[in-house]
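Below: the structure, in structure tokens.
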Amino acid sequence: MVGNMLIIAELKNTKVYHAFTYRGAAISDMQYLDDKGNLVRNPQGMSVNFVGSYFIPTGEWRFEQGDYGSFIEYLRNHLGGNKEMQKHIIELTRERDDLGLKISKLKKFMKSDDFYNLDKDDQERLKAQKSVMKAYKHILNERIYWED
Numbered sequence: 001m002v003g004n005m006l007i008i009a010e011l012k013n014t015k016v017y018h019a020f021t022y023r024g025a026a027i028s029d030m031q032y033l034d035d036k037g038n039l040v041r042n043p044q045g046m047s048v049n050f051v052g053s054y055f056i057p058t059g060e061w062r063f064e065q066g067d068y069g070s071f072i073e074y075l076r077n078h079l080g081g082n083k084e085m086q087k088h089i090i091e092l093t094r095e096r097d098d099l100g101l102k103i104s105k106l107k108k109f110m111k112s113d114d115f116y117n118l119d120k121d122d123q124e125r126l127k128a129q130k131s132v133m134k135a136y137k138h139i140l141n142e143r144i145y146w147e148d
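Using full-length UniProt numbering, you'd call the opening residue of the sequence shown number 1 and step up by one each time.
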């Protein structure tokens with residue numbers, strides 16, 4: 001499924017959500033917001049139950065379990081706000097997720113023999129590039145949650 005999705009998940013009985021463009025990102029690597037909009041980080045290994053999703057372009061909801069009335073009402077209000085800000089946050093999220101995929105590909109390359117066949121200067125440049133990409137991804141996360 002590719003598109004602008006609002007994923008609703010549950011971490012140890014705490015309802016949390018995260019807006020992102022789904023492209024197979026690992027749930028354990030994502031960041032979530034609780035129902036008050038506070039950032040919640042998912043520690044490695046914490047179990048995650050998928051609850052449902054909201055497809056932003058069509059306004060279509062899909063639930064896997066439970067009735068989350070007031071939480072869903074909060075999300076509807078959240079999505080019903082400033083349209084330009086919503087678009088901006090979606091674009092930031094897409095950029096962040098695309099960057100995450102590029103970082104993953106670079107990490108994979110850096111573990112390959114091809115990386116070690118490069119001269120030391122090129123290896124150092126790629127290491128520096130990965131570091132800058134990760135720092136920029138962190139900045140995008142901060143902007144997404146600060147502006148949200």
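We treat Cβ as the ideally placed atom computed from N, Cα and C, and that holds for glycine.
These figures come from a predicted structure and were not determined experimentally.
- A straight-line Cα-Cα distance of about 10 Å links Asn-141 and Asp-97.
- One alpha carbon belongs to Leu-101, the other to Gln-129, and they sit about 14 Å apart.
- C-alpha of Lys-127 to C-alpha of Lys-134: approximately 11 Å in a straight line.
- Of the other Cβ atoms in all chains shown, fewer than 16 fall within 10 Å of the Cβ of Ile-139; this residue is therefore exposed.
- Glu-91 and Ile-144 have their C-alpha atoms roughly 9 Å apart.
- Here Lys-105 carries a helix assignment [DSSP, helix/strand/coil].
- Counted as a single uninterrupted DSSP element, the stretch harbouring Asp-119 is not any alpha helix (DSSP H), since DSSP gives it neither H nor E.
- When secondary structure is reduced to three states using DSSP, Ser-112 falls in the coil class, being assigned neither helix nor strand.
- The shortest C-alpha to C-alpha distance from Val-132 to any of Leu-99, His-88, Met-110 is the one to Leu-99.
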